[in-house]
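In case it helps, our numbering puts the sequence shown at residues 669 to 1044. Beta carbons: idealized from backbone N, C-alpha and C, even for Gly. To keep things clear, I will list the structure first and then write my remarks on it.
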Amino acid sequence: MGSGIAQVAAQAGHTVVLADTNIEQLDKAKQKLAKIMIRLVEKERVSAEEASAIQERIEYTTDQNDFAGAGILIEAIVENLEVKQKVFSHFETIVDEKCILASNTSSLSIASIAAACKNSGRVIGIHFFNPAPLMPLVEIIPAVQTSAEIAIAAKELVDSWKKVTVLAKDTPGFIVNRVARPFYGEALKIYEEGVADFATIDWAMTELGGFRMGPFTLMDYIGNDVNYTVTETVFKAFYYDPRYRPSFTQKRHSEAGWYGRKSGRGYYDYSEGAEKPAPNTDASLGNEILNRILVLLINEAADAVFLNIASAKDVDLAMTKGVNYPKGLLAWANEIGLARVLDQLDHLHQEYGDDKYRPSVLLRRMVRNGEKFDLG
Ligand SMILES: NC(=O)c1ccc[n+]([C@@H]2O[C@H](COP(=O)([O-])OP(=O)(O)OC[C@H]3O[C@@H](n4cnc5c(N)ncnc54)[C@H](O)[C@@H]3O)[C@@H](O)[C@H]2O)c1
């Protein structure tokens, strides 16, 4: 992630110091960027002069003292709170008072990272999506300690890098990794109930729903080990709210070493010559699957608005620009009709007697008042 973020900043014209404790990673990052630049020149996205200027703007170093004089420091090291806290308190001794200290963490609380600093008001979350140069979305996450000026300055800076920024509250999963949970969780549950197999669920979501990848193809791509850990972390962080309950199917796949593409086998077999199973393309089954996953995604999106995690507009931007959803979930809800969404959720809640399906209070209130989401 770090090298991608360095590329974004260098392309925006900044001088960048890319530091890593591992020199091999630095070499890899340098070579990767050189290859990317060759491709961008071939595609005429940048001129040859620009490509070399971008590369020259990045200094590769193992010495963090080279950060002295930086205006902003973006940390993208191992996802471990203790390590990040140690590094942040060390950063404070290197940079001057005005330097913004940002973390690219996906799952740790920004408040807990900021707590390691004497001047915690200048610490903020700046969460990119992978690969950073290609994915437009960046979540800006002020901690409770972050000063308003730092939040504004960080947002303005990343906006000037031609990214789409959204403001998110410092809560587990921020926007995207919270709202997207049912895309995986409900797909796994539908499979576990024997309603449909992996290929059919993927077909329903891509062909009928317009999602770029089906949930099982996507989990195989992310890695079942990684995706399971994120789900478990979010579940624990939400004090075991059943909405975020992980799945045994994914746990077993992960335990078996069936991580997905990287291990050659996940929900699908990626070995050479392996055939992909054919889906059942029954339209009514497909629509049942799509609707069930979709109303739960909409419910999450509505609840994120209800709990002031982000504005309705930013929630929709986050899902379309961070994970390529075909439509904003709340715009989708307006289209379907909020009363219909609520009706389906109420039905699931009653049928299962499981709090996992409880409808968002906001949805119920909006239906009662005949309202739609304001996405302006
Ligand atoms: N991979 C993703 O899709 C993704 C997306 C968004 C955010 N993130 C977040 O970005 C961060 C990094 O993730 P990643 O996937 O790039 O991890 P990674 O393991 O690929 O890279 C981490 C790098 O940090 C270096 N490092 C470790 N400790 C260090 C230290 N003390 N000082 C300097 N360098 C150190 C390692 O050598 C390694 O090169 C994590 O916080 C992660 O949650 C990752």
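| Check | Outcome |
| --- | --- |
| Which of helix, strand or coil DSSP assigns to S931 | helix |
| Neighbourhood of R960 by C-beta distance below 8 Å, restricted to the same chain and skipping five residues each side | E854, I858, Q1012 and L1016 |
| Burial state of E712 (16 or more Cβ within 10 Å) | exposed |
| Three-state secondary structure (DSSP) of T729 | strand |
| Contacts around T988, its chain only, beta-carbon distance under 6 Å, and the 5 residues preceding and following it disregarded | G996 |
| L776, DSSP secondary structure in three states | coil |
| Top-ranked residue by Cα proximity to G739, from P947, D731 and T683 | T683 |
| Expected contact under 8 Å - CB spacing of P615 and F916 to nearest Å | Nothing about residue 615 can be reported from this structure: the residues present for the chain run from 669 to 1044 only. |
| CB contact flag (D792, F756, <9 Å) | The displayed chain sequence assigns Ile, not Asp, to residue 792. Not a contact, by the Cβ cut-off of 9 Å. |
| Beta carbon of E968 nearer than 9 Å to that of R846 | yes |
| Between the CA atoms of I820 and L886 - distance to the nearest angstrom | 34 Å |
| Closest Cα partner of K972 within the set E861, L964 and V983 | Note that residue 972 is Ala in the sequence shown here, rather than Lys. Ranking E861, L964 and V983 by Cα distance to A972 puts V983 first. |
| Per-residue DSSP class, three states only, for A721 | helix |
| Beta carbon of Q675 nearer than 9 Å to that of P801 | yes |
| Three-pair Cβ contact test at 8 Å for the stretch 1018-1033 versus the stretch 825-833 | no |
| Span of the beta strand (DSSP E), counted from its first residue to its last, around P850 | Careful: P850 lies outside any beta strand (DSSP E), inside the alpha helix (DSSP H) at R849 to E860. |
| Residues that DSSP places opposite E743 in a beta bridge | S771 |
| Y912 versus S720 - alpha carbon distance | 46 Å |
| Meets three-Cβ-pair contact criterion under 8 Å: the stretch 1028-1041 and the stretch 994-1009 | yes |
| Beta-carbon contacts of D893 that lie in its chain and below 6 Å, excluding the five residues immediately before and after | S922 and Y927 |
| Integer Cβ distance of M669 from N772, believed to fall under 8 Å | 6 Å |
| Own chain residues within Cβ distance below 6 Å of G878, not counting five before or after | P994 |
| Rounded Cβ spacing between T730 and A687 (contact assumed at less than 8 Å) | 7 Å |
| Where the alpha helix (DSSP H) containing T839 begins and where it ends | Taken as a continuous stretch (DSSP letters only), T839 belongs to no alpha helix (DSSP H), as it is neither H nor E. |
| T812 versus C767: straight-line alpha-carbon distance, rounded | Residue identity differs from the one stated: residue 812 is Val in this sequence, not Thr. Near 19 Å, if we compare the C-alpha coordinates of C767 and V812. |
| Start and end residues, beta strand (DSSP E) containing T833 | V832 to L835 |
| C-alpha distance - E718 paired with I726, whole-angstrom precision | 13 Å |
| Cβ-based burial, A848 [other Cβ within 10 Å; buried from 16] | buried |
| Whole-Å CB distance - I762 paired with A784, under 8 Å assumed | I762 to A784, Cβ: 14 Å. No contact. |
| Where H795 falls: helix, strand or coil (DSSP) | strand |
| Extent of the continuous alpha helix (DSSP H) run through V983 | A980 to G990 |
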